[in-house]
Amino acid sequence: MTDIKELAKNARNAGFDVAIMDTKEKNEALNAIADILEANKDEIFKVNLQDVQKARDNGLSEALVDRLTFNDSRFNEMVGGVRKVALLDDPVGRVFDGRTLPNGLTLVKKSVPFGVVGVIYESRPNVTVDIAALCLKSGNACFLRGGSEAFLTNSLLHSLIVKALESKGVNKNAVTFLDSTDREMVKQMLALNDYIDVLIPRGGEKLQRMCQRESAIPVIIGGFGISHIFVDESADLEKSVEIIFNAKTQKPSACNSLDTLLVHKNVADKFIPLVLKKLQEKKVTVLAHGTAFDLAHDYQYLDKGCDEDFDTEFLSLKMNLTVVDDVYEAIAHLRRHNASHSDAILTDSRRNSELFVKSAGSACVYVNASTRFSDGGQFGLGAEVAISTQKLHARGPMALNELTTYQYVCEGDYLTRA
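Right, dumping it as structure tokens:
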């Protein structure tokens, strides 16, 4: 039986070792991880196929199966992300501020690792590698608990990471994996505040809320949120169609894919047929609300939406469509329906774009761009642990800098306080 407390203790001790590694040592370990993953690609795909088949046999949704599945593009992106992290500046030891006080005490505010970062995540096995890479480069150990649906893939990825760490003389417990699918273990993990410094749940709303309620470890919420796009009356309608098509269909299972499309009433009768013609190419189910239903009545994949749909993160080829009076009503809609992740306005009005940006409560807000850019790799951060939707410490893609905290280093000449 897995002794979760012993695992956490070992991770804690490894955290002390990783914190004092220099940049060269960390980068060598990261490149070793990338090398061993590439060398074992065929085995990784073979094991991943077993997880995918089991997920289908268990009747899991296509959205979840898609998140679980490795293909060449996703695998290369994962390995490339590790190498990119190795090329990034070391986030440890940055000086934010410094001064000498009148009493002679010199203060320097420096970035330092958290220690042990705990992550509970679902579906995507690439998260195992992304977090390991980011934590290692930021001087942290990590304690990982992946979803049961990806257990075989995660276990293999972890074993390969451990081999790479050992080949470079790095404490293997720097990347600790909870090799159990027992849900009770999650509750035990949430009580390990003596060993885990911060917890990041990466999954649906149910997981996020459970961790908020039950964790003794400080929690950074990330990943869940309803994504909206508002098409203003001044927008270039043809270009807007392409952005919406990208936001909804480029990767429907992603947390930054479009959930609700808001259209200004003055362009609704012209724009809605345009965008539906494009969405029909991917057989997107559209849940139309109010007057939008009448304007979309000829669409092949049309259903009537209800109020609950506005609070649903679809993670599939399904979305809401509604008409609003103006930018103010669009903003009011965002506030009512959990606009905390990635939201966009399409407009040629500087006034309306500035109003939308100032008013949106989103971690990532866009003007005339797809919400699909909310991603550590796309932001030039190498990879991400999660998209933080809270307002303390970190917002948006959490990468290297967000995995550090700071300490005051105080130096005197044998100074005592008067």
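The sequence shown begins at 5 in the numbering used here and counts up one residue at a time.
All C-beta atoms, glycine included, are put in the ideal place defined by N, C-alpha and C.
Keep in mind that this is a model prediction, so the values were computed, not measured.
What are the boundary residues of the alpha helix (DSSP H) that includes T435?
An answer regarding residue 435 cannot be provided, because it is not within the stretch 5 to 422 covered by the chain.
Spatial neighbours of R16 within its chain, please: C-beta separation below 6 Å, excluding the five flanking residues on both sides.
V120 and Y199
Which residue from V327, A67, A220 and D313 puts its Cα closest to that of K269?
Closest option to K269, Cα to Cα, is V327.
Enumerate, from N- to C-terminal direction, the unbroken beta strand (DSSP E) stretches of 3 or more residues contained entirely within the segment 91–116.
99–104
Can you tell which of I230, N324 and N107 has its C-alpha closest to the C-alpha of R421?
N107
Taking the beta strand (DSSP E) that V235 falls in, what are its first and last residues?
H232 to V235
Residues in the same chain with beta-carbon distance under 8 Å from P117, minus the five sequence neighbours each way, listed in chain order, please.
G19, V22, A23, V96, S142, G143, N144, L407, T408 and T409
Ends of the alpha helix (DSSP H) at Y332?
From DSSP, the alpha helix (DSSP H) with Y332 extends over V331 to R340.
Enumerated in chain order, which unbroken segments of the beta strand (DSSP E) with a length of 3 residues or greater are wholly contained in the segment 366–419?
Taking only runs of at least 3 residues, the beta strand (DSSP E) segments lying wholly in the segment 366–419 are 368–371 and 408–415.
Which residues does DSSP pair with N125 in a beta bridge?
Here residue 125 turns out to be Tyr, not Asn, going by the sequence shown. DSSP, once it has assigned bridges, lists R206 as partnering Y125.
Would you report the Cα separation of K281 and C146, rounded to the nearest angstrom?
47 Å
Can you give the beta carbon distance from N260 to S346, rounded, assuming they're within the 8 Å contact cut?
Sure, about 4 Å apart at Cβ, within 8 Å.
Tell me, to the nearest whole angstrom, how far the beta carbon of S219 is from that of L194; I am working on the premise that it is less than 8 Å.
Confirmed, Cβ separation roughly 4 Å.
Can you list, in chain order, the residues of its chain whose CB lies under 6 Å from that of M402, leaving out five sequence neighbours each side?
Excluding sequence neighbours, M402 sits near E388, V389, A390 and S392.
Decide if R416 is buried, meaning its Cβ has at least 16 other Cβ atoms within 10 Å, or exposed.
It should be pointed out that residue 416 corresponds to Gly in this sequence rather than to Arg. Exposed: under 16 other Cβ atoms inside 10 Å.
Using only alpha-carbon positions, find the residue among A36, C368 and R60 that is nearest to A90.
The candidate whose alpha carbon is nearest that of A90 is A36.
Output needed for V86: all residues of its chain with C-beta closer than 7 Å, excluding positions within five of it in sequence on either side, in chain order.
Around V86, the same chain offers L34, I37, A38, V133 and A137 as residues with beta carbons nearer than 7 Å, after the five sequence neighbours per side are excluded.
In the segment 258–346, which residue ranges form an unbroken alpha helix (DSSP H) of at least 4 residues, counting only runs that do not cross its ends?
Counting only runs of 4 or more, we get 272–283, 295–299 and 331–340.
By the 10 Å Cβ neighbour count, where 16 or more other Cβ atoms means buried, how is P277 classified, buried or exposed?
exposed
Identify every residue that forms a DSSP beta bridge with L195.
Contrary to the premise, residue 195 reads as Ala rather than Leu in this sequence. Paired residue(s): none; A195 is not in a bridge.
Would the segment 45–58 and the segment 169–187 be scored as touching if the rule is three or more Cβ pairs under 8 Å?
no
Kindly confirm or deny that the segment 204–214 and the segment 239–255 touch, where touching means at least three C-beta pairs closer than 8 Å.
no
For A145, report the span of its beta strand (DSSP E) as first-last.
A145 to R149
Label N75 either buried or exposed according to how many other C-beta atoms from any shown protein chain fall within 10 Å of its C-beta, with 16 as the threshold for buried.
exposed
I'd like to check one pair, L211 with E126: are the Cβ atoms closer than 8 Å?
yes
Answer yes if the segment 76–85 comes into contact with the segment 329–345, meaning at least three C-beta pairs across the two stretches below 8 Å, and no otherwise.
no
Helix, strand or coil: which one does DSSP assign to A348?
strand
Look at the alpha carbon of D201 and the alpha carbon of P222, and state the distance between them as a whole number of angstroms.
Whole-angstrom Cα-Cα distance: 7 Å.
What's the call for F100, buried or exposed, on a 16-neighbour Cβ count within 10 Å?
exposed
In this structure, what does DSSP give as the bridge partners for T180?
F147
Quick one: is V413 buried, meaning 16 or more other Cβ sit within 10 Å of its Cβ, or exposed?
exposed
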